[in-house]
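In UniProt numbering, the protein residues as written are 1 to 264.
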């Protein structure tokens, strides 16, 4: 790749990625104002990623514009660090999300989840008292359980519903408890549970209690986190390939910039 082609390509690639970075930062700001406390945890990483992309893009753009080999060296070093970080995170994400899946229950359209099925990392995070206290407070305030009776006005609708992992694990007792369903937010707890599952004793119809202290709720959150992490990991594979191509073009631009400077 000759000097003109490589510098032109890296210049415009980074010009476009600057707009991408601004979009990522804007998305992070939107998340901070529209999501509850649970999902705000993602705000700082999103804003940080946008800021890093923006910084690297500026350095790459100016380095290619000025044909400055030093700035292109800095650009390549930073880009290499980002590539290594993405690779490490992606591998860890696939390892962490490798375990855990739902269990089919006869008569239900959705699955139920068991905490012990998930990786030790998830278990450590969710069994941490402080972490779960924060997550539980978010779940109590969220619409996941509070809106079930509005979404499913009849018992027939609720029994045929396809609940999310959090709704299935946190808003209702496990099916093996055998509690008769009165409506989407109320169970007949006068019935003696047929299972020794400790979650059966922890469930209450109260909005602030539900099954938020249950292992089934933690398992539902683990499944939600697993899905989110897996989506991010797959996106990172795509991002790694794109950035690797940009890194190759940047190497050509840096080499050509150094060659042209040496001839002067």
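Backbone N, C-alpha and C fix where the C-beta goes; we use that ideal spot for every residue, glycine too.
Computed from a prediction, not measured in an experiment: that's the story for all the values here.
Query                                                                                                                                                     : Result
Cα separation between residue 114 and residue 30?                                                                                                         : 33 Å
Among the candidates 75, 8 and 83, whose CA atom is the shortest distance from the CA of residue 244?                                                     : 83
Taking the alpha-carbon positions, what's the residue 152 to residue 122 distance?                                                                        : 31 Å
Buried or exposed: where does residue 135 fall if 16 or more other Cβ atoms within 10 Å of its Cβ makes it buried?                                        : buried
Is residue 247 helix, strand or coil when you go by DSSP?                                                                                                 : helix
Is the beta carbon of residue 89 less than 9 Å from the beta carbon of residue 233?                                                                       : yes
Quick check on this structure: which residue in 200, 174, 158 and 208 has the alpha carbon closest to the alpha carbon of residue 184?                    : 158
Determine the DSSP secondary structure at residue 218, reduced to helix, strand or coil.                                                                  : helix
Report the residue from 215, 8 and 248 whose alpha carbon sits nearest the alpha carbon of residue 128.                                                   : 215
Using the three-state DSSP reduction, which class does residue 191 fall into: helix, strand or coil?                                                      : coil
Taking the Cβ atom as the reference point for each residue, do residue 167 and residue 144 lie within a distance shorter than 9 Å?                        : yes
Does the count of Cβ pairs from the segment 168 to 184 and the segment 204 to 222 closer than 8 Å reach three?                                            : yes
Give the C-beta separation of residue 146 and residue 218 to the nearest angstrom, bearing in mind that I take them to be a contact with Cβ-Cβ under 8 Å. : Wrong, their Cβ atoms sit about 19 Å apart, outside the cutoff.
Buried or exposed for residue 198, going by 16 or more other Cβ atoms inside 10 Å?                                                                        : exposed
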